[in-house]
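J.:
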Amino acid sequence: MVIRRIGMKYCKNCGKELTEEQKVCTKCGMPVNQQNKTEQPKEQKKMSKKTIIIIAIIALLLLLIFAVYKVFDSKLSPVNEAKEISTVIKKGNTKNLKDHLKFNNRNLNQTESRAFYDYIVEADSSDRFADEVESKVKEMQENDEQSTSINADDEAVIQVKKKGKKYGIFDNYDFEVVKESVSINPDTDSTITYEYDGEKQKIKLVEDNEKMFATLPIGNYNLKATKEQGNKKFEGEVIVNMASSYEAIENFKQKNIAINIDSEYSYGDEDVKIYINGKDRGTYDSYNETVYGPFLPDEKVEVYAETTVNDKTFKTDTVNVDKAEDGEDEITVDLSFDDEAIKDYEENEDLKEDVQTFMEDYIDALNEAYEEEDYMYVSSYIKSSSDTADHIENVVEDGGGTEFSSLEVTKYDKKGKTITIETTKEDQDGDSIKSKYVLDYDSTFSEFKIKDYTDI
1 MVIRRIGMKY
11 CKNCGKELTE
21 EQKVCTKCGM
31 PVNQQNKTEQ
41 PKEQKKMSKK
51 TIIIIAIIAL
61 LLLLIFAVYK
71 VFDSKLSPVN
81 EAKEISTVIK
91 KGNTKNLKDH
101 LKFNNRNLNQ
111 TESRAFYDYI
121 VEADSSDRFA
131 DEVESKVKEM
141 QENDEQSTSI
151 NADDEAVIQV
161 KKKGKKYGIF
171 DNYDFEVVKE
181 SVSINPDTDS
191 TITYEYDGEK
201 QKIKLVEDNE
211 KMFATLPIGN
221 YNLKATKEQG
231 NKKFEGEVIV
241 NMASSYEAIE
251 NFKQKNIAIN
261 IDSEYSYGDE
271 DVKIYINGKD
281 RGTYDSYNET
291 VYGPFLPDEK
301 VEVYAETTVN
311 DKTFKTDTVN
321 VDKAEDGEDE
331 ITVDLSFDDE
341 AIKDYEENED
351 LKEDVQTFME
361 DYIDALNEAY
371 EEEDYMYVSS
381 YIKSSSDTAD
391 HIENVVEDGG
401 GTEFSSLEVT
411 KYDKKGKTIT
421 IETTKEDQDG
431 DSIKSKYVLD
441 YDSTFSEFKI
451 KDYTDI
């Protein structure tokens, strides 16, 4: 046990007793003066109010900058843009949709935006497609992918590509609408002028010659257009419905005419000619329908047909074609001939041939009767008990006749059962003789009898 004596000094470091004059502890080497000093607490300097305000402002600014960054990061993020696209598609807001979708490094115009939306609605489901926009973009960002595609009816319609930074800070995605080439196959020579993106486009077409119409962002379009054909100008539109086809369809206000001839009597289709507004438009074909036109909706159109039978022309009634109904561009015109008149005429023509044959046979029989001086050779051709029968019989039996040849029926007229004809024939001296005959006709047995005769 260490006993300290009162009044003595001791080393504060090791406890060794020190003398009054000792400067350093001989045991631990600790200076005695340093041990006697008492540390004085340092007085802290207080911050000024101005400094505190500056620090607070800087802190608030940093906080505000961070908050603004987070807001813009959220608003400008591809996922948020995908949500906006999804929302406007579900609402059918094509005005806002065009601000998010691109084509050829520009935003869609209103026509293209509407066409794209209409395509989605017809080809797929707008709600399903909108949901896919969100999910595909979110997946692309999470996986740090460079691109992805969004499909409608299993066909890619939007290509999403990572493209640098917005304002040098935020990720930038481009939503590019897929483009498709559209063809047109015209049925007439024409020039079509249509409006697209505020400008007029012109395309010259040749009948049945397929041609590239345009390259467009995928969509369903109704493009206002005019068609010039000859000296006529038609108003309407060109329809491009990519949901069903990549071919443009003409839809102009016009009327076309299909002709149907209903005739129960056959007179040969090859002889029937169609006339429209007085102009010959070719031969009617009952097996292959021909469409005539186009004509302006209010244009006056008169249609009739003609056919020639044995050098005689028959004509149908003339039909005035009315204005086409809405949604109708082809009008069927029904024409008909007077079949009974044609039938009577053809029968009469056949009868004329029979009369010619009858008269030739009669002259041969008459020559024989003159030669043999026997009326029996010719009696079957002449109506019995008639003045003509008595006259011919007397001439034949008196041997006063002559020989005839080259008989031709030059005039023919039939009224009921009576046929009146005029003929020319030559006698044995080569002189021409004109005669008039009146025949009775029995249609039941197709027989003729001469009941009157006069040289004229």
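For the sequence shown, the positions run 1 to 456 when full-length UniProt numbering is used.
Where is the CB? At the ideal position from N, CA and C, for every residue including glycine.
Remember, predicted model here, so these are calculated numbers, not experimental data.
Quick check: the region 351 to 359 against the region 406 to 419, are at least 3 beta-carbon pairs closer than 8 Å?
T.: Because the criterion of three Cβ pairs below 8 Å is met, the region 406 to 419 and the region 351 to 359 touch.
J.: If contact is defined by three or more beta carbon pairs under 8 Å, each pair taking one atom from either stretch, is the region 215 to 229 in contact with the region 176 to 183?
T.: Yes: at least three Cβ pairs fall under 8 Å.
J.: Just to confirm the assignment, what range does the alpha helix (DSSP H) spanning residue 457 have?
T.: There is no way to answer for residue 457, as the model of the chain reaches only from 1 to 456.
J.: Three or more C-beta pairs closer than 8 Å, one from the region 200 to 214 and one from the region 107 to 114: is that the case here?
T.: With the cut-off at 8 Å, the region 200 to 214 and the region 107 to 114 do not touch.
J.: Under the assumption that I450 contacts K434 (Cβ atoms under 8 Å), give the Cβ distance between them as a whole number of angstroms.
T.: Not really, about 16 Å apart at Cβ, beyond 8 Å.
J.: Relative to the alpha-carbon of D311, which residue among I342, D334, D285 and P297 has its alpha-carbon at the smallest distance?
T.: Per the Cα distances, I342.
J.: Spatial neighbours of E176 within its chain, please: CB distance less than 8 Å, with the 5 preceding and 5 following residues excluded, ordered by chain position.
T.: Answer for E176: L101, K102, F103, I158, Q159, V160 and K161, listed in chain order.
J.: Just to confirm my understanding: we take A389, look at its own chain, exclude 5 residues before and 5 after, and list those with CB closer than 6 Å. What are they?
T.: Same-chain partners within the cutoff: I382.
J.: Between which two residues does the beta strand (DSSP E) containing P294 stretch?
T.: Segment V291 to F295, the beta strand (DSSP E) holding P294.
J.: Quick check: the region 330 to 342 against the region 240 to 259, are there 3 or more CB pairs under 8 Å?
T.: Touching, yes.
J.: Is the region 272 to 280 close to the region 290 to 309, with three or more CB pairs under 8 Å?
T.: The region 272 to 280 is in contact with the region 290 to 309.
J.: How would you call C28, buried or exposed, if buried means at least 16 neighbouring beta carbons within 10 angstroms?
T.: By the 10 Å Cβ count, C28 comes out exposed.
J.: Given this structure, state the Cα-to-Cα distance separating K414 from D344, to the nearest angstrom.
T.: Taking the straight line from one Cα to the other gives about 11 Å.
J.: Tell me the DSSP secondary structure of D285 in three-state form.
T.: D285 falls in the coil class under three-state DSSP.
J.: Alpha carbons only, please: which of V137, G92 and A130 is nearest the one belonging to A115?
T.: It is G92.
J.: Taking the alpha-carbon positions, what's the R128 to E134 distance?
T.: Each residue's Cα considered, the two are about 10 Å apart.
J.: Could you tell me the distance, in whole angstroms, from the CA atom of K37 to the CA atom of V24?
T.: At K37 the pLDDT is 49, less than 50, meaning the model places this residue with poor confidence; the figure from the coordinates comes in the next sentence. Roughly 14 Å between the two C-alpha positions.
J.: So, V79 versus K138, is the Cβ gap smaller than 7 Å?
T.: Yes; because the gap between Cβ atoms is below 7 Å, this pair is in contact.
J.: Using a 10 Å radius around the Cβ and a threshold of 16 neighbouring Cβ atoms, would you call Q428 buried or exposed?
T.: Exposed, by the Cβ-count rule.
J.: Answer with buried or exposed for Q146, where buried requires no fewer than 16 other C-beta atoms within 10 angstroms of its C-beta.
T.: Exposed.
J.: Look at the alpha carbon of E237 and the alpha carbon of K165, and state the distance between them as a whole number of angstroms.
T.: For E237 and K165, the distance between alpha carbons rounds to 42 Å.
J.: Between N96 and the rest of its own chain, which residues show a CB-CB distance below 7 Å, the 5 nearest in sequence each way excluded?
T.: Counting only Cβ-Cβ distances below 7 Å, and skipping sequence neighbours, we find V88.
J.: Go through its chain and collect everything with a Cβ distance to M376's Cβ below 8 Å, but skip five positions before and after it.
T.: A369, listed in sequence order.
J.: Using C-beta distances below 7 Å, list every residue in its chain close to Y453, excluding the 5 sequence neighbours before and after it, in chain order.
T.: Correct list, in chain order: T388, S435 and Y437.
J.: Measuring straight from C-alpha to C-alpha, what distance separates V303 and N151?
T.: The alpha-carbon atoms of V303 and N151 are separated by roughly 53 Å.
J.: Taking the alpha carbon of T148 as the reference point, which residue from D174, S126 and E408 has its own alpha carbon closest?
T.: Here the closest residue by C-alpha is D174.
J.: Between T283, D144 and N251, which lies nearest to P297 when the distance is taken from Cα to Cα?
T.: For P297, the nearest C-alpha among the options comes from N251.
J.: D118 lies in the alpha helix (DSSP H); which residues open and close that run?
T.: From DSSP, the alpha helix (DSSP H) with D118 extends over Q110 to A123.
J.: Assuming the contact rule is C-beta atoms closer than 8 Å, residue 492 and E228 should be a hit. Round their C-beta distance to whole Å, please.
T.: Since the first residue of the chain shown is 1 and the last is 456, residue 492 is not available in this structure.
J.: Using only the alpha-carbon positions, how far apart do T215 and Q201 sit?
T.: Whole-angstrom Cα-Cα distance: 12 Å.
J.: Could you tell me whether the Cβ atoms of E426 and S443 are closer together than 7 Å?
T.: No. Outside cutoff.
J.: Could you give the distance in angstroms between the alpha-carbon of P294 and the alpha-carbon of Y196?
T.: Looking at the two C-alpha atoms, the distance is approximately 25 Å.
J.: Please report the straight-line C-alpha distance between Q40 and T19, rounded to a whole angstrom.
T.: At Q40, the pLDDT of 48 sits below 50, so the modelled position is not reliable; the number obtained from the coordinates is stated separately. Cα to Cα, Q40 sits roughly 27 Å from T19.
J.: At which residues does the beta strand (DSSP E) containing I408 begin and terminate?
T.: The question names Ile, but residue 408 is Glu in the sequence shown. S405 to K415 is the extent of the beta strand (DSSP E) around E408.
J.: Using 10 angstroms around the beta-carbon of A56, count the other beta-carbons present and answer buried if the total reaches 16, otherwise exposed.
T.: By the 10 Å Cβ count, A56 comes out exposed.
J.: Is P186 helix, strand or coil when you go by DSSP?
T.: Three-state DSSP puts P186 in coil, outside helix and strand.
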